[in-house]
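Step one of this worksheet: look at the structure below.
2 protein chains.
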Amino acid sequence: MSDMNKILECVPNFSEGRDLDKIDKIVNPFRGKRDVKLLDFQRDEDHNRLVVTAIGGPVALKQSVMEAMGVAIDLIDMRKHKGQHPRMGAIDVVPFIPVRNISMTEAIDFSKDVAKEVAEKYALPVYLYEESAMVPERQNLAVVRKGEFEKMAEKMKTPEWKPDFGPGEIHPSAGVTAIGARMPLVAFNVNLGTDDIKIAHAIAKNVRHISGGLRYCKAIGIALKEKGIVQVSMNMTDYTKTSLYRSFELVKAEAKRYGVNVIGSEIVGLVPMEALIDTAVYYMGIENFTTEQVLEVRIWE
Amino acid sequence: MSDMNKILECVPNFSEGRDLDKIDKIVNPFRGKRDVKLLDFQRDEDHNRLVVTAIGGPVALKQSVMEAMGVAIDLIDMRKHKGQHPRMGAIDVVPFIPVRNISMTEAIDFSKDVAKEVAEKYALPVYLYEESAMVPERQNLAVVRKGEFEKMAEKMKTPEWKPDFGPGEIHPSAGVTAIGARMPLVAFNVNLGTDDIKIAHAIAKNVRHISGGLRYCKAIGIALKEKGIVQVSMNMTDYTKTSLYRSFELVKAEAKRYGVNVIGSEIVGLVPMEALIDTAVYYMGIENFTTEQVLEVRIWE
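Taken in sequence, the protein lines are chains Y and P.
Using our numbering, the letters of the first sequence map in sequence onto residues 18 to 318.
Using our numbering, the letters of the second sequence map in sequence onto residues 18 to 318.
Structural data, given as structure tokens:
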């Protein structure tokens, strides 16, 4: 894969987490393709859901995604689907994330292209969500998906929930799909030296955007039973604007009022290099540092 | 350049910093080659010296280096060379640095291959230095180079300074070359909130290896006249063993006794990604982090 080219990440969520044969068939279009790389796929039996992570150039990635969506529509019948995770379609949601040499504007345009094409090809209603949303009400996936598959047919009859692309009614077996562009999420958790879940909840409330905290931070308090500690579990929704170190330092400051120490942190899954460099630059006050100074960047560019 | 392949960095130093035509001819073998990439070249008129930075696969890089050395031998006459920087040959020193998918042991073997071939091809005496040195006395380039070009003929007559490869006497116009493998150097400077050079000297003395400090740290105090401050200027000779953050924290701790604050830092030139990740991991106490979690690493691998 040439780094001179544009690279997008795609993390489609499919409503099948149990049948290994079907899962294999859905994942397969991401394998062995020129200019597409399957990074990961994880299925969850309780959620009855499959999350695929792939990267690639726009042209090739679109082909793989569309092919996988076709397979999922053939194999998944939402009328028989049960699972703990909220869902509204066989392909529940398809986020595209700009990774390299591609702007958010381009990623949005790309997501709309894909949405239009799959809607036509598969007679599938599609909502544009996140950065691609045409109206503010559709930015938040939870709002779009509210009612889930079972109530979508009815919801779609109201004018404000007419799909952005495709037919004005649900696909009988595959339901509805949300497609959109978003920034990479960083799953960043900070561990506290206490087993008091109330403290984790209180700190989460203070650092997260919705209740007055950092603009690009979602947070909840959770208990790590085996470790006997609690954790502020965060989703950093735009690390370029709300840095990891800023949420870390804020959790530390909030913990102080309870006499509690921050005892560590963890990053779950992938993190863009820039988010870590930003952290190093902050803590050592490195002046005028540019990513071009990273040896690997010079090698790979 | 495929990342599945081994990548070495090479930073040859040539004794020509003034004649732009000659410099161009010496640099040229690193241009337009498959599997070799010229990252940088800097010439200094006072030093009368050229430093080239290139990366590539072993086979291709060896070809480029040998070609450039041949050109330098043709164009540079050390009998006429004047410059402030110590030097003993037309190609003064050729360090090889393992960058990717290549161990230090392999880099050492590679440097010996190159040394043997250039010695034979150009009738050039070569000392193996740094990690490639066959005897401890030859590890330190300053010791090898002592006496410089002008006294090398005499020095070489003593049994302990018989070259590792090539003839037992200097090349009449090109002198002697040191070749070896070494870890990447990181030039890391920490700025102090004072203009008192004695404080910078004292801190440098305490943090550097030679006078009792950190194993892989060289340090001097220098004055930044325009900024009106002083700086502890460090060469981190193995960032995998002496981390950047450790030297930073140690400078901070030493500065404290003088009531002086660390007011920033800088990284000059290139730095391996791992050195910065290591720093982020330290300051936020990120548990169980692996380089595989860096998105770009997954893309580029």
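Idealized CB from N, CA, C, for every residue including glycine.
C-alpha gap between residue i and residue j, whole angstroms
{"i": "K235 (chain P)", "j": "V68 (chain Y)", "result": "49 Å"}
{"i": "K321 (chain P)", "j": "T296 (chain P)", "result": "Here chain P has residues from 18 to 318 only, and residue 321 (chain P) is not among them."}
{"i": "D8 (chain P)", "j": "A107 (chain P)", "result": "Nothing can be reported for residue 8 (chain P): it is not among the residues displayed for chain P, which extend from 18 to 318."}
{"i": "K42 (chain P)", "j": "K138 (chain P)", "result": "19 Å"}
{"i": "V249 (chain Y)", "j": "G210 (chain Y)", "result": "11 Å"}
{"i": "S19 (chain P)", "j": "A221 (chain Y)", "result": "The pLDDT assigned to S19 (chain P) is 42, lower than 50, so where the model puts this residue is not dependable, and the model offers no usable value."}
{"i": "E84 (chain Y)", "j": "P153 (chain Y)", "result": "30 Å"}
{"i": "G245 (chain Y)", "j": "N157 (chain P)", "result": "52 Å"}
{"i": "I187 (chain Y)", "j": "T308 (chain Y)", "result": "46 Å"}
{"i": "Q80 (chain P)", "j": "N118 (chain P)", "result": "20 Å"}
{"i": "M86 (chain P)", "j": "D38 (chain Y)", "result": "59 Å"}
{"i": "V241 (chain Y)", "j": "D213 (chain Y)", "result": "In the sequence under discussion, the amino acid at residue 241 (chain Y) is Leu, which differs from the Val named in the question. About 11 Å."}
{"i": "Q101 (chain Y)", "j": "N223 (chain Y)", "result": "28 Å"}
{"i": "A292 (chain Y)", "j": "P189 (chain P)", "result": "54 Å"}
{"i": "K78 (chain Y)", "j": "V53 (chain Y)", "result": "For clarity, residue 78 (chain Y) is Leu in the given sequence; the question names Lys instead. Looking at the two C-alpha atoms, the distance is approximately 6 Å."}
{"i": "I120 (chain Y)", "j": "H226 (chain Y)", "result": "Before going further, note that residue 120 (chain Y) is Ser rather than Ile in the sequence given. Approximately 24 Å, taken between the alpha carbons."}
{"i": "I284 (chain P)", "j": "P46 (chain P)", "result": "29 Å"}
{"i": "A191 (chain P)", "j": "Y262 (chain P)", "result": "41 Å"}
{"i": "V298 (chain Y)", "j": "I280 (chain P)", "result": "13 Å"}
{"i": "R155 (chain P)", "j": "I114 (chain P)", "result": "18 Å"}
Proximity test, residue i beta-carbon vs the ligand SAH heavy atom, cut-off 7 Å
{"i": "G245 (chain Y)", "result": "The ligand SAH is not among the ligands present in this structure, which contains no ligands whatsoever."}
Extent of the continuous alpha helix (DSSP H) run through residue i
{"i": "Q299 (chain P)", "result": "In the sequence as presented, Gln is not what sits at residue 299 (chain P); that position holds Tyr. Start and end: M290 to M301."}
{"i": "A122 (chain P)", "result": "Residue identity check: residue 122 (chain P) is Thr in the sequence provided, not Ala. Here the alpha helix (DSSP H) through T122 (chain P) covers M121 to Y139."}
{"i": "L25 (chain Y)", "result": "Element bounds for L25 (chain Y): not the alpha helix (DSSP H) but the beta strand (DSSP E), I24 to C27."}
{"i": "E313 (chain P)", "result": "L312 to W317"}
{"i": "I93 (chain Y)", "result": "First-last for I93 (chain Y): undefined, no H or E at that position."}
Reduced DSSP category for residue i - H, G, I as helix; E, B as strand; rest coil
{"i": "M105 (chain P)", "result": "coil"}
{"i": "K273 (chain P)", "result": "helix"}
{"i": "L55 (chain Y)", "result": "strand"}
{"i": "K235 (chain Y)", "result": "strand"}
{"i": "T194 (chain Y)", "result": "strand"}
{"i": "F166 (chain P)", "result": "helix"}
{"i": "I43 (chain Y)", "result": "helix"}
{"i": "S19 (chain Y)", "result": "No answer about S19 (chain Y) holds up, because its pLDDT of 42 lies below 50 and its placement is not dependable."}
{"i": "H226 (chain P)", "result": "helix"}
{"i": "P142 (chain P)", "result": "coil"}
{"i": "H218 (chain Y)", "result": "helix"}
{"i": "M251 (chain P)", "result": "strand"}
{"i": "A240 (chain Y)", "result": "strand"}
{"i": "F265 (chain P)", "result": "helix"}
{"i": "P153 (chain Y)", "result": "helix"}
{"i": "P115 (chain Y)", "result": "strand"}
Sub-8 Å separation of residue i and residue j beta-carbons
{"i": "M200 (chain Y)", "j": "R162 (chain Y)", "result": "no"}
{"i": "G185 (chain P)", "j": "M169 (chain P)", "result": "no"}
{"i": "I216 (chain Y)", "j": "V116 (chain Y)", "result": "no"}
{"i": "S264 (chain P)", "j": "F306 (chain P)", "result": "no"}
{"i": "R66 (chain Y)", "j": "N22 (chain Y)", "result": "no"}
{"i": "P103 (chain Y)", "j": "V28 (chain Y)", "result": "no"}
{"i": "V288 (chain P)", "j": "Q310 (chain Y)", "result": "yes"}
{"i": "I316 (chain Y)", "j": "I294 (chain P)", "result": "no"}
{"i": "P180 (chain P)", "j": "F127 (chain P)", "result": "no"}
{"i": "D255 (chain P)", "j": "Y233 (chain P)", "result": "yes"}
{"i": "A319 (chain P)", "j": "G183 (chain P)", "result": "Any question about residue 319 (chain P) goes unanswered here, given that chain P covers just 18 to 318."}
{"i": "G197 (chain Y)", "j": "E165 (chain Y)", "result": "no"}
{"i": "V319 (chain P)", "j": "T70 (chain P)", "result": "What the structure shows of chain P is the stretch from 18 to 318, and residue 319 (chain P) is not part of that stretch, so it cannot be assessed."}
{"i": "A124 (chain Y)", "j": "L145 (chain Y)", "result": "no"}
{"i": "L202 (chain Y)", "j": "N278 (chain Y)", "result": "no"}
{"i": "S282 (chain P)", "j": "G302 (chain Y)", "result": "yes"}
Per-residue burial, residue i [other beta carbons within 10 Å of its own, 16 or more giving buried]
{"i": "V207 (chain P)", "result": "buried"}
{"i": "G49 (chain Y)", "result": "exposed"}
{"i": "E313 (chain Y)", "result": "buried"}
{"i": "D63 (chain P)", "result": "exposed"}
{"i": "I90 (chain P)", "result": "buried"}
{"i": "D130 (chain P)", "result": "exposed"}
{"i": "T259 (chain P)", "result": "buried"}
Residue range of the beta strand (DSSP E) that includes residue i
{"i": "A71 (chain P)", "result": "R66 to G73"}
{"i": "L209 (chain Y)", "result": "V203 to L209"}
{"i": "S282 (chain P)", "result": "V279 to V285"}
{"i": "S32 (chain Y)", "result": "S32 (chain Y) -> no beta strand (DSSP E), and no H or E assigned at all."}
The stretch 251-285 of chain P: positions lying closer than 8 Å to chain C by Cβ: You won't find chain C in this structure, because its protein chains are Y and P.
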